[in-house]
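J.: Following this message is one structure expressed as structure tokens.
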Amino acid sequence: MRYRKLGRTGLKVSELCLGTMTFGWSVEETESHAIMDMALERGINFFDTADVYSRWDPRSYAGKTEEIMGRWFAADPARRHNVVLATKVRGQMGEGPNDQGLSRRHIMDAVDASLRRLQTDYIDLYQTHSPDDETPIDETLRALDDLVHSGKVRYIGCSNHKAWHLMEALWTSDTLKLARYDSLQPHYNLLTRAEFERELQPVCLKYGIGVMVYSPLAGGLLTGKFRRGQAIPEGTRVAERGRDDKRLNEHLWTLMDTMEELASDRGATIPQLAVAWVTDAPAITTSIIGATSVRQLEDTLGAVGMELTAADRARLNELTAW
Ligand SMILES: NC(=O)c1ccc[n+]([C@@H]2O[C@H](COP(=O)([O-])OP(=O)(O)OC[C@H]3O[C@@H](n4cnc5c(N)ncnc54)[C@H](OP(=O)(O)O)[C@@H]3O)[C@@H](O)[C@H]2O)c1
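Start counting the sequence shown at 28; every next residue gets the next number (my numbering).
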């Protein structure tokens, strides 16, 4: 496993980060714990979650994923020390008007609730899940700055921000001498490039922001399981989302054909190639990978240390250009 500095900070995180969004609905607790065991054993020291996981599924509720992780930490206290733990605030946690958002009131409530569920007394990286246009950015950053000073939180970051949101936040932190966002968590993969590359990538490079990419496999689309003329495998997230997913089209089939050829030339798999493409793209610190089984994680871990040739990267870039 390679470790990289998260942006300009001194914090070292693994080039793959374990995403936990599936824990508690597509993956039950025992398998979730087995996935975390394997990740840690194989050198992944960076785990990403969110307080709101997994409110959207009838098998789950907001906070369940953090609870599953909390029980895993509690079973062996050394685990907490060895993990750089990232969670998020912003999502709907209850029915009241202040049970969501990035107000001082909600942030202060939410951090204590996350700490309780995670059975820890500090969060390494506390991220705003998406911007909150109803709250002034200085209110949010002052609350986060207080959490850093209190020791409940060690670094702060943001997710799903546009370049202007990020610049506004950096400017506010600088002007008011508050803790600044040192990481960004954007959506980025071979099927979704422009959103990150157009403006966020240069901002992150220029200002030393660590980039932790979510959905490097496009939620499973970039695994080779979905092919031209073949039935969509049951039990996958893509099948649950619906067969009318607009990304199931000729562009994907052509990309899969090319990726299969490139992967087999080097004895790799399509998911490994997809993750390696993201992990070594300019400005990227780490790819947050999701897994619904230990077997999937084992496969994706093959991307560690894999470097694409310039010719392979150019071919994939050309095929997916925006
Ligand atoms: N900040 C945000 O708004 C945001 C949004 C989304 C995600 N995230 C974070 O990013 C993490 C990863 O997101 P993601 O789950 O969308 O990532 P992903 O890596 O793009 O997709 C993971 C899914 O792909 C399939 N898969 C994974 N490895 C495979 C393999 N080797 N072979 C075949 N299929 C495989 C599995 O789904 P099936 O088995 O169902 O096919 C798995 O759940 C989340 O857990 C979360 O921490 C953040």
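Backbone N, C-alpha and C fix where the C-beta goes; we use that ideal spot for every residue, glycine too.
Note that this is a predicted model, so its numbers are computed, not measured.
#1: Who does A113 pair with in a DSSP beta bridge?
#2: Measure the alpha-carbon distance for P213 versus P104 and round it to whole angstroms.
#3: Less than 6 Å between the CB of Y241 and some heavy atom of ligand 1, yes or no?
#4: Which runs of the alpha helix (DSSP H) at least 4 residues long sit entirely within the segment 223-286? Give them in chain order.
#5: Please return the same chain residues whose Cβ sits closer than 6 Å to the Cβ of A89, not counting the five positions on each side in sequence.
#6: Just how far apart, CA to CA, sit T263 and R274?
#7: Within the chosen definition, does the segment 277-297 reach the segment 189-198 through at least 3 CB pairs nearer than 8 Å?
#8: Using the Cβ count rule (16 or more neighbours within 10 Å means buried), how would you classify G37?
#9: Could you give the first and the last residue of the continuous alpha helix (DSSP H) run that contains K91?
#10: Are the beta-carbon atoms of V240 and S314 separated by less than 7 Å?
#11: Measuring only between beta-carbons, confirm whether E122 sits less than 7 Å from chain C.
#12: Any heavy atom of ligand 1 closer than 6 Å to the beta-carbon of N187?
#13: So, for K179: in the same chain, excluding its five sequence neighbours on each side, which residues have a beta-carbon less than 7 Å away from its beta-carbon?
#14: Looking at T47: is its Cβ nearer than 7 Å to the Cβ of T76?
#15: For the pair the segment 161-173 and the segment 117-132, tell me if three or more CB-CB distances fall below 8 Å.
#16: Give me, in chain order, the residues of the same chain whose beta-carbon lies closer than 7 Å to that of W52; leave out the 5 immediate sequence neighbours on both sides.
#17: Give me the Cβ distance between L300 and L289, rounded to the nearest whole Å; I'm assuming they're in contact under 8 Å.
#18: Mind reading off the beta-carbon distance from Q154 to G97? Whole number of angstroms is fine, and I expect it under 8 Å.
#19: Could you give the residue range of the alpha helix (DSSP H) that holds G143?
#20: Among all the DSSP beta bridges, which residues are the ones paired with T57?
#21: Ordered along the chain, which non-local residues of its own chain (more than five positions away) have a Cβ less than 7 Å from that of L248?
#22: When you compare only the Cα positions, how much space is there between S41 and T114?
#23: What does the alpha-carbon distance come out to for the pair V302 and T92?
#24: So, L324 versus M63, is the Cβ gap smaller than 7 Å?
#25: Going by DSSP, which residues form a beta bridge with K189?
#26: What do you get for G256, buried or exposed, if any count of 16 or more other CB atoms within 10 angstroms of its CB means buried?
#27: List in chain order: all unbroken alpha helix (DSSP H) runs of 4+ residues lying wholly within the segment 277-340.
#28: With a threshold of 16 other CB atoms inside 10 Å of the CB of N276, please say whether the residue is buried or exposed.
T.: Taking the geometry as given:
#1: D75, L152
#2: 31 Å
#3: Within the cutoff, so yes.
#4: 227-234, 264-268
#5: Excluding five sequence positions before and after A89, the CB atoms of its chain that fall closer than 6 Å to its own CB belong to V79, R82, M120, given in chain order.
#6: 15 Å
#7: Segments in contact, no.
#8: It counts as exposed.
#9: 91-102
#10: yes
#11: Of the chains in the structure shown, none is chain C; there is only one protein chain.
#12: yes
#13: V138, L142, Y149, I150
#14: yes
#15: yes
#16: S81, D84, R86, S87
#17: That pair is a contact at about 6 Å.
#18: Contact doesn't hold; Cβ gap of about 18 Å is too wide.
#19: Correcting the residue type first, residue 143 is Arg in the shown sequence and not Gly. Going by DSSP, R143 is part of the alpha helix (DSSP H) stretching over 131-145.
#20: Under DSSP, T57 shares a beta bridge with no residue.
#21: L218, V265, R274, L279
#22: 16 Å
#23: 24 Å
#24: no
#25: The partner list for K189 (beta bridge, DSSP) is empty, contrary to what the question assumes.
#26: exposed
#27: 277-292, 297-306, 321-327
#28: Taking all protein chains shown into account, N276 has fewer than 16 neighbouring C-beta atoms within 10 Å of its C-beta and is therefore exposed.
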